[in-house]
Amino acid sequence: MMNKNKEQVLCIDRKTLPASWVTQRTVLPMDFATFADTCTKAKFSFVRRGIAEEDKLKKQIIPYILLQTADGGMTAAYSRQGSEKRLHDLWSIGIGGHINPEDTAMGADGFESILKNGMQRELDEELTRRVSGDSIEFIGIISEDITPVGSVHMGAVFLIRTQNPEGYLPGDELHSFTWHTTQKLSQLNLELWSELALELVNSLNPAL
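Each step along the sequence shown adds one to the number in our numbering, with nothing skipped, and position 138 is 542.
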């Protein structure tokens, strides 16, 4: 794992983002073109993570990927035990992490390409096996200024719906990875971002 003090992460200045994106509690359905275009115009940079984690004038952009069964009835969740100690012992339904300069590889340095590269890299790092044919849909953004972690991050939420949940095997970072009934996820001690992401996905499927 990369040294947290040396790692560089993708950030956008809060003041260049739409005010509706950086409220105290933001849950916004959105298409990917709108998100990518707005972030491109807002301009991004790579900042040393140790600095970015303390700078509330910036938002670090994090791909946050949800796994659900095709009917939305089951959602994968895991217990937080990774490098972010402020989230330990909470349950999460989002797989993801920081976007790094390495995600500009292959000569593509536009925001859309960087985010998609980073999202795919995170899936490859966190899952030892996944179903290659499943589509990955961008569904919107989440952000909050309630917790110390949330105040310096913004989630770009992606959703994978699968007919083959057993085709997904977790890596070492996804502790206690299990599939849960989506309607009963609130019984878990969820991190706030997972609560926001659930609200986002449920807004697209109000019947669930």
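For glycine and all other residues, C-beta sits at the position ideal for the given N, C-alpha and C.
Source: prediction; values computed, not measured.
Close CB contacts of T420 within its chain, under the 7 Å cut and outside five residues either way in sequence, are with A446, K447 (chain order). Burial state of I455 is exposed, judged by a 10 Å Cβ sphere holding fewer than 16 other Cβ atoms. M478 has its alpha-carbon roughly 25 Å from the corresponding atom of E548.
Here DSSP, grouped into helix, strand and coil, assigns M523 to helix. In the three-state reduction of the DSSP assignment, R429 falls in the strand class, which pools E and B. Beta bridge pairing from DSSP links Q412 with R452. The beta carbon of P505 sits closer than 6 Å to those of Q412, F450, all from its chain and outside the five residues before and after it, given in chain order. DSSP places S483 within a strand segment (E or B) once states are collapsed to three. For S547, the pairing in a beta bridge is given by DSSP as T430, M558. Its chain contains I518, N521, G522 as the residues whose beta carbon lies nearer than 6 Å to that of D507, once the 5 sequence neighbours on both sides are disregarded; these appear in chain order.
Taking a cut-off of 8 Å for Cβ pairs, the region 548-557 and the region 522-535 do not touch, as fewer than three such pairs fall below it. Taking C-beta atoms as the reference points, T444 and F515 count as a pair closer than 7 Å. Counting along the chain, the unbroken alpha helix (DSSP H) around K445 starts and ends at 436-446.
When C-beta atoms of the region 596-609 are compared with those of the region 570-585, fewer than three pairs fall below 8 Å, so the two segments do not count as touching. Listed as beta-bridge partners of W495 by DSSP are S483, L594. Beta-bridge annotation (DSSP): Y468 is paired with G500, V561. When only Cα atoms are considered, E577 and L470 end up about 16 Å apart. With contacts defined by Cβ atoms closer than 7 Å, W597 and I545 do not form a contacting pair.
Across the set L432, W425, F436, the C-alpha of F436 shows the shortest separation from the C-alpha of I540.
When the alpha-carbon of N593 is set against those of A481, Q428, E457, A423, the nearest one is in A481. In the three-state reduction of the DSSP assignment, D576 falls in the coil class, being assigned neither a helical nor a strand state.
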